[in-house]
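Residue numbers (the working numbering), protein chains in the order written: chain L, 611 to 1244; chain Z, 33 to 622. Every residue, glycine too, gets a C-beta built ideally from N, C-alpha and C. Keep in mind that this is a model prediction, so the values were computed, not measured.
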Amino acid sequence: MNSMKRFIKIYIKPYWFRMLMVMLMAGTTSSYSFLLGYISKFTIDEVLQLKTAGQVATDARMKTLSQVEKLSRRDPQNTLPHSWNDEDVQPPKSRTEKIQWLWWIFILYLVVRTLFAIINWFYNYNISFVGQRIVFRIRLDLHQKIQKLQMTFFDKQQTGKIMSRILDDVGLLQSEVTTTFVETTRHVARILIGIIVLLSIDVQLALMAFLALPLYVLTYKGFQKAIATTFSRYREAYADTYGILEERVKGIRVVLSFARERREFRQFFKRLGGIFRLGLKSNMLSVGLSATCALVSGVASAIIFYLGALQVRGGAMSVGDLIYFNMSMGSLFQPLVALTNVNAVIQQMAVVISRVFEVLDEDVRIEDREDAVNLKNVHGRVRFTGVSFRYNETADYVLRDLDFTVKPGTSVAVVGPSGAGKSTLVSLLMRLYEPTEGKIFLDDYNIQDIKISSLRNHLSMVPQEPVLFSGTIVDNIRYGQEGTTAEQVMSAAKSAELHDFIMSLPEKYEARVGERGSNLSGGQKQRLAFAMALVTDPSILILDDTTSALDAKTEAKIQVTLDRIMEGRTSLVITHRISTAMRADRILVLDNGRMVGWGKHLELLDRCDVYRRLHAQQQNTDQDTELFSEETNL
Amino acid sequence: MDKDGNLANLKKLLPFVKPYVPRLIGGVIVTVVLTVLGMTPPLIMKYIVDEVVIGGNWSLLEMLLVISISIPILSAGLRVINTFTISYVSHRLIMDLRRTLYGRLLQLPMRFYDEMGTGKVMSRLMSDVATVRSMVTMRVLSIITDFITFWVAMFMCLVLNWKMGLILILLLPLYLFNYFGWQGPIRESVRAWRTKMDRVSVGLQERLSGVALVKAYGREKKENRAFTEETHESLSQAMITAVYRAGYNSGVWAVSGLRNTIIFCMGCYFVIIGDMTYGAVMAFLSFAQRMFEPVLNLTQMAMQLQTMMVSVERILEVLEFPIDIADKKDAVTLPHVKGHVKFEDVVFEYKAGEPVIKGVDLEVQPGQAVALVGHTGCGKTTLTSLLMRFFDVKSGAIKIDGYDIRDVKVRSLRTQIGQVLQDSVLFNVSIRENLLYGRPDATEADLIEAARVAEIHEFIMRTSAGYDTMLGDEGIKLSVGEKQRLAIARAVLTDPAILILDEATSSLDSLSEALIQKAMANVLKGRTSFAIAHRLSTIVNADIIVVMDQGEIVELGNHETLLEIPDGKYRQLYEQQFAGSVSEGIEAAD
């Protein structure tokens, strides 16, 4: 509930005036049905002047009863003058008078209806307005937060999958938040007005009616619980079956190869039986609820109407009041039920809201120190001293005691089996994470003392799978550096050997790159990623398994480009291919987070077991792409 | 043409509905009674107001009370009965359909799964069936209810006062105009909003998946701005939708308000001039409301029907997909297999005219280890699928111990061949249940023995609940190596005479690698095996190396004999790779 308060304070408060207006409008519209009832009553009593012919009063009147009744059957208007009732306070109106009055009522009716239609419009519009605005603000705040968060957050959260879910969840708020707040006001207003109206018409009858209302609510609550549990069990059974089925369909080869069809079929049938029973039960409970509710309200209305009719007979109530009472009572049942639901909706909202705040409250751990420096010229020496890293206190170490130095302008290949910690090493250097222990130096600066923007300007990474953003080619190349000139973009493209290709496109640099860069080949995407990295003219280049997704022919060509790009730059090459690693000046071998080898290819073959094994293994693992492909026969 | 097709499709589903026809008819009858009962309260009300309250015929009051109490009781009872009937039928129907579909699915050839993909199969089995169910039962009933309600209400209005009835009918188009007039813009606007939201979420996905890059380039502020812009655009669009929606809502208010105002005032006028009683006016008002409501439902029927037809079609796709692989009538049970496998001039094609396997001849003696090598798409996997009879050969034959695999029962064939897949599919159940998958009645000792052979027993014992540790979503996550060893244990437990191994390509850490190699060596002992090999050790240790290229066997032999073939493909490529890496290494070292 605490987060709910914060939510109201932060997100709803700025719109308090609109919310207030909306609530007022809600209150107004909720009085509509009662107003309608009153107009009917007024028309019956004052205009049509309908009166009961069977009032139990003096004996004299009783005698005329049958006479009047007969008359009334033949010609109802004759019952209207009530000339026999000398106690009548209102003088009977003439026919023309009545019709005149009717015109006024017609106009009143139209005015009220139009007014309410307009209020209704504003009401609907403003509800959407506030809802959308609130969601908009939350989304922005969340997004801003994501951008600031440390990378560890994303590992914990499976690369933003959950984040995007939260952003979607927020959409739920939009429809629920405002509606819940406002509809609640509407219902409360309606019930209050209703109670006052009923009491004002006839206290005795009203009290009788109030007896029926709790019965109605109790029925509702009783069923509701059973329905909710059954339905959630039904959903669970359904989801289970769905999950199991999905597994089987995905693993159909396993099912078939173990010839498990019959058993699977039987199991599935059993599950279907469960779903069948729960589905039926849930339907029956629902109909039980609505039938009982209809029963309660139907019987209650009938009895109240009967009692009201007796009141009319006794002269304690006018015909118009009876009908007014009946109409007003009918419109009380629905808001009562709606109110019992409010709690559930609020609970649901609270979950989403607390998730939102969970993200918003997440610690931002990587930030510039106050005295962080801006590096101008970087030689490009990289030094790791005693660096260890784990994602959190309970997790195992991903990297342990790394000590090495990369001299300016040289290249180091990082090799090792998958999961050895190669990519993490790079992330530490980029300061996407902070090392748990140890320090990393760029030239002579601890990277924690350098401004993040400055550090990342001097480092460029080409990711394993090129991430391209929808937009034009030039947008993408410029991604790394705002305000780069056209020449810089072009020279980066030339260095990446993509310029000629770009010029061959009809829109040249303005050509759009589709979602996820789908209209480019793998090699072209990779080159575009190079161009992105090169546009900042970084002194240190990080290649994260850059060529692994390419076929051998493309790789061979890309490699030539790469060699040229790497010239004069310090470069860190993450790779799982020995053939790529061999090109580097030094090779760093990682296994299970530890540095198990450092040196040149032949040296390592000599003394590093892991390296030797990787090398031997690749005679075969690479056969699909290299050993048996024609392209390597170049 | 389309309609005929739809009709024909519906007919095909008739057998599913047939057993429940009497119940459905009962349901329809009760529905009609219920609908008619539902129309009585306004009439009773009219009677009470006109005859009793205004007319003064108080002796009728008690009787009318009894009637007005008994109607809700009666209809509540009927509704419960009716819902039971209909729900029973609809849930049974869905169960029957799913059961039939699943039974069919399990018989369908691999080709079906390759073509369709998991998502599509799932939606056919689950959501499409649900759509059909709700259409067949719930919709049909609501259509009946709406239809009866509309006509009875209209009839009653005309009887109560034909002049007002006519006016009501004239107002009906106004109501529809409001609906259809707004519906177009609303739909358009919602679509535009969706497109914009899609753009937002695509952008978001991009940024989230590339979050490292965003950070690496220090683009956080820029991204925030872009996101704000995109979100703002979708916000504006949402507001346009809101304006339309509010317009529609107010339109409904206006039209129904106009209707009620006119009827009320006209009715009162008729009361004054004596053409109508006030009770009749009240009854007219409620009938008028009941007449308008169902109209919209009925107009939407066509669209809903269309949705259902699509689902029906998709369900039929599964039901009518040909089963290529079924036991022959005179199929025999394959006796205990020794492990002699013979491919005789096997030809196979997925698509007619494009053979994937072009005349493969291969004989393997019991207990021999075969390594299949060749680059992706050369037909290695297809060859093993043919042996499992996931597909039937186009020509030629595959024989096990002299039996043509098409002449034996599929079940007896597959239970005697073990398969370890490259991606080692495991289910989200306990380790034990996963291992027992192929042989549920295995003893604990057998189970542990299989796990030992696959070098996974020790790992299992280290997990929190041992063999009862859950895998997957709610359980522990396994590394690639552990998954493979579990899959090997699962296959070994059935003690197959023939084993198919599709080796994973990913490189493993040193410990896993050693364990896998040991496990492989253990399980291959005494079994005929086919390995789609990615490991040097597997290839070198194989009795027969089959070098494949474009669906043909180009070389056959063991490591030594193949290396001896001058200019042989195996030797050529093996040496090229080996020599190449060495010389490059020297270059780099220089």
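Quick check on residue i: buried or exposed, where buried means 16 or more other Cβ atoms within 10 Å of its Cβ?
i, result
"residue 412 of chain Z", "buried"
"residue 901 of chain L", "buried"
"residue 417 of chain Z", "buried"
"residue 640 of chain L", "buried"
"residue 1225 of chain L", "buried"
"residue 714 of chain L", "exposed"
"residue 814 of chain L", "exposed"
"residue 68 of chain Z", "exposed"
"residue 490 of chain Z", "exposed"
"residue 563 of chain Z", "buried"
"residue 1278 of chain L", "Nothing can be reported for residue 1278 of chain L: it is not among the residues displayed for chain L, which extend from 611 to 1244."
"residue 21 of chain Z", "Given that chain Z is displayed from residue 33 to residue 622, the structure contains no residue 21 of chain Z and the question cannot be resolved."
"residue 1113 of chain L", "exposed"
"residue 668 of chain L", "Because residue 668 of chain L carries a pLDDT of 40, less than 50, the predicted location of this residue cannot be relied on, and the following value inherits that uncertainty. Looking at its Cβ environment, which holds fewer than 16 other Cβ atoms inside 10 Å, residue 668 of chain L is exposed."
"residue 828 of chain L", "exposed"
"residue 255 of chain Z", "buried"
"residue 612 of chain L", "exposed"
"residue 651 of chain L", "buried"
"residue 427 of chain Z", "exposed"
Considering only C-alpha positions, which residue in the set the options is nearest to residue i?
i, options, result
"residue 808 of chain L", "L:987, L:840, L:932 and L:1105", "L:932"
"residue 323 of chain Z", "Z:224, Z:275, Z:197 and Z:310", "Z:197"
"residue 204 of chain Z", "Z:313, Z:420, Z:350 and Z:331", "Z:331"
"residue 448 of chain Z", "Z:369, Z:134, Z:156 and Z:254", "Z:369"
"residue 655 of chain Z", "Z:442, Z:421 and Z:582", "Here chain Z comprises residues numbered 33 to 622, so residue 655 of chain Z is not present and cannot be evaluated."
"residue 392 of chain Z", "Z:373, Z:341, Z:116 and Z:327", "Z:373"
"residue 818 of chain L", "L:910, L:795 and L:858", "L:910"
"residue 746 of chain L", "L:728, L:1024 and L:781", "L:781"
On the three-state DSSP scale, how would you describe residue i?
i, result
"residue 1117 of chain L", "coil"
"residue 612 of chain L", "helix"
"residue 374 of chain Z", "strand"
"residue 1020 of chain L", "coil"
"residue 451 of chain Z", "strand"
"residue 832 of chain L", "helix"
"residue 999 of chain L", "strand"
"residue 600 of chain Z", "coil"
"residue 587 of chain Z", "strand"
"residue 193 of chain Z", "coil"
"residue 502 of chain Z", "strand"
"residue 928 of chain L", "coil"
"residue 364 of chain Z", "strand"
"residue 471 of chain Z", "coil"
"residue 994 of chain L", "strand"
"residue 353 of chain Z", "coil"
"residue 403 of chain Z", "strand"
"residue 233 of chain Z", "helix"
Looking only at DSSP bridge pairs, what is residue i linked to?
i, result
"residue 380 of chain Z", "Z:389"
"residue 286 of chain Z", "Its beta-bridge partners do not exist; DSSP assigns none."
"residue 17 of chain Z", "Residue numbering for chain Z in the displayed model covers 33 to 622; residue 17 of chain Z lies beyond these limits and cannot be assessed."
"residue 414 of chain Z", "Its beta-bridge partners do not exist; DSSP assigns none."
"residue 560 of chain Z", "Z:530"
"residue 983 of chain L", "L:1060"
"residue 1122 of chain L", "L:1082"
Using a C-beta to C-beta distance shorter than 8 Å, which residues of chain A count as neighbours of residue i?
i, result
"residue 225 of chain Z", "The question asks about chain A, but that chain is absent: this structure's protein chains are L and Z."
Subject >> Residue ranges of each beta strand (DSSP E) within the region 1128–1212 of chain L, 3 or longer >> reply: If we require 3 residues or more, the beta strand (DSSP E) runs fully inside the region 1128–1212 of chain L come out as 1150–1154, 1180–1184, 1196–1201 and 1204–1209.
**OP:** Identify every run of the beta strand (DSSP E) within the region 1038–1108 of chain L, keeping only runs that are complete inside it and at least 3 residues long; order them along the chain.
**Re:** Fully enclosed beta strand (DSSP E) runs of 3 or longer: 1047–1052 and 1069–1072.
**OP:** Pick out the complete alpha helix (DSSP H) segments inside the region 936–978 of chain L, 4 residues or longer, and give them in chain order.
**Re:** Qualifying alpha helix (DSSP H) stretches, in chain order: 943–970.
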